[in-house]
Amino acid sequence: MTTKITQPVNLNASSRLQVTTTRSGFQSEVLFSKDGLKFVNSSQKTLPAASETRDVLRLTNSAGNQVAAINKVLKPENNATTARVAHNVLKLTNSSRNIILATPVTPVRRSTKPASEDVRPDCPGFQFASNDSDVQVFRPAVSVEEGCVMLETVHVLTRALHAANIPYFLYGGTLIGSWRHHGMVPWDDDVDLSVDVTRLEDLRHALIALVPLGYGFKQRASVSWKFYPEKASRIFPFSWKWPFVDICFYEQNATHVWERERKMFPDYVFPIDWILPTKPRPFNGMTLQAPRETKKVLDLNYNISQCAIGRHSHRREKPKDQGEVKTVPCDALRSVYAFVQHVPVGKTACNETLVMNGVGVSWVLVDSSPQCS
């Protein structure tokens, strides 16, 4: 469960929840506004008496599969103006704080759970279909099998870090992926984590404990470490294998956090409250730790509206050819890959919906603290 909102969240007129009713049998939406709870169809026409009946409300995904069902009496005089999240339930309450609607807080396609739980990641399985020559270079960088191996490696590593109480957060292209795709960037070929440099010895012991499980690591003095499955492919002439997780390190003082390798570069020095305390974010079905102010961190180093292919091939550990490096507006890829839409909910939360060709694939409600879009 990634969502925890301790204060009520005021819903505005743009807040929506897609439902079907057993009485009408067709898909509609719930609008939350100052006038209360309203049911509308795709033409934005209010459905007569929908809020006055003892209907069973069924939350569905785009395929019409039921995700949740709620039996509640909805009365027009009970204006639903507040949403509260507690445990695994989103509760809509009236001004007297009486619950008039409750739904499980669960993404449509998958749920995201804490890294401490034994939750296997979703393999990427990107589908690519485009005849546009400008986006051909943005084909998936990993196969389904390679992606599964990479994400299982991330899963094993982050569980070990959690068990050892070693602080870490998503970083670089991996943080972009969580923010923009709720998972790997489709054309990326590695995963980046940043670990507290004061815990190097604890990290080494945690990685050694994973060796009997079929994993290896390369410890380097002044640059990032590599963690990889032994069944992976050797990258000649290097001693590590691909796919791997790149582990870099962060240092901190009372006011700032910076990447150890790039502490002389201003773009890699962050106010400490941008990074810590970390907060959970979705990543291919897992819930991993990320900087507290994800959007601010990304905006300092990247233009998130531009989708770029980096200059380095991690699969080969060498620079890419000029023709393999490209930057395009992300809008050019929205018909090819799923992107996250960020919509503020009140002042303290953000509804993040993964959208593919205008259709919602999954959603999650997260603490925005305070940035959402």
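Every letter in the sequence shown is one number past the one before it in full-length UniProt numbering, and letter 321, counting from 1, is 321. We treat Cβ as the ideally placed atom computed from N, Cα and C, and that holds for glycine. Predicted model, so just to flag it, every value in this text is computed and none were measured.
Within 8 Å, strictly: CB atoms of residue i and residue j
i      : j      : result
Asp350 : Val361 : The question names Asp, yet the displayed sequence has Cys at residue 350. No.
Pro282 : Met150 : no
Leu207 : Phe227 : yes
Asp202 : Ile247 : no
Arg311 : Val328 : no
Gln341 : Glu293 : no
Cys330 : Phe138 : no
Ser156 : Leu213 : The question names Ser, yet the displayed sequence has Val at residue 156. For Val156 and Leu213, yes; Cβs fall inside 8 Å.
Arg234 : Gln219 : no
Lys296 : Trp274 : yes
Distance cut-off 7 Å: residue i Cβ against heavy atoms of the ligand PLP
i      : result
Ile304 : The ligand PLP is absent from the structure shown, which contains no ligand whatsoever.
Among the options, nearest to residue i - alpha-carbon criterion
i      : options                        : result
Thr198 : Val343, Val297, Arg260         : Arg260
Ala160 : Val211, Asp134, Arg180         : Val211
Glu352 : Val135, Tyr215, Trp363, Gly358 : Trp363
Val191 : Asn284, Val359, Asn303, Gly346 : Asn284
Gly173 : Ala164, Ala163, Asp189, Leu333 : Asp189
Asn357 : Arg334, Lys347, Ala232         : Arg334
Pro237 : Lys296, Val223, Lys318         : Lys318
Tyr171 : Ala164, Met184, Ala163         : Met184
Cys123 : Pro271, Tyr215, Glu146, His162 : Glu146
Glu230 : Ala221, Lys347, Tyr215, Ser239 : Tyr215
Lys279 : Gly346, Ser143, Leu175, Ser239 : Leu175
Met286 : Ser143, Cys148, Gly346, Phe217 : Cys148
Ser143 : Arg315, Val245, Asp132, Val223 : Arg315
Glu152 : Ala163, Gly177, Ala232         : Ala232
Val245 : Ala221, Phe217, Ser239         : Phe217
Tyr302 : Ala141, Pro140, Gly177         : Gly177
Proximal residues to residue i (C-beta, below 6 Å), its chain only, five neighbours per side dropped
i      : result
Val269 : His256, Trp258
Ser42  : Confidence in Ser42 is poor, its pLDDT being 42 and thus under 50, which makes the residue's placement unreliable; the coordinate value appears in the next sentence. No residues qualify anywhere along the chain.
Ile304 : Leu298
Val343 : Asn351
Distance between beta carbons of residue j and residue i, contact taken as under 8 Å
i      : j      : result
Pro121 : Val154 : 7 Å
Trp225 : Leu298 : That belief does not hold up - the Cβ atoms of Trp225 and Leu298 are roughly 23 Å apart, past 8 Å.
Phe169 : Ala290 : 5 Å
Three-state secondary structure (DSSP) of residue i
i      : result
His312 : strand
Asp188 : coil
Cys372 : coil
Tyr215 : strand
His182 : coil
Phe138 : helix
Tyr168 : strand
Arg281 : strand
Val156 : helix
Leu210 : coil
Cys123 : coil
Asp132 : coil
Trp274 : helix
Trp318 : Here residue 318 turns out to be Lys, not Trp, going by the sequence shown. Three-state result, Lys318: strand.
Thr348 : coil
Gly358 : coil
Thr255 : coil
Ile176 : helix
Arg234 : strand
Tyr268 : helix
Lys326 : coil
Ala290 : strand
Leu365 : strand
Val297 : helix
Val197 : helix
Val223 : coil
Cβ-based neighbour list, residue i, same chain, cut-off 8 Å, excluding 5 preceding and 5 following
i      : result
Ile309 : Val137, Phe138, Trp187, Lys320, Glu324, Val325, Lys326, Thr327
Ala332 : Asp132, Asp134, Val135, Cys307
Pro277 : Arg292
Ser313 : Asp189, Pro319, Lys320, Glu324
Ala209 : Ala160
Ala141 : Pro186, Trp187, Asp188, Asp189, Arg315
Ser239 : Lys218
Ala221 : none
Same chain, Cβ closer than 7 Å to residue i, neighbours up to 5 away in sequence not counted
i      : result
Asp196 : Ile166, Pro167, Tyr250
Ala338 : His181, Leu354, Val355, Met356, Val361
Gln252 : Ile272
Val223 : Glu261
Ala164 : Asp202, Ala206
Gln322 : none
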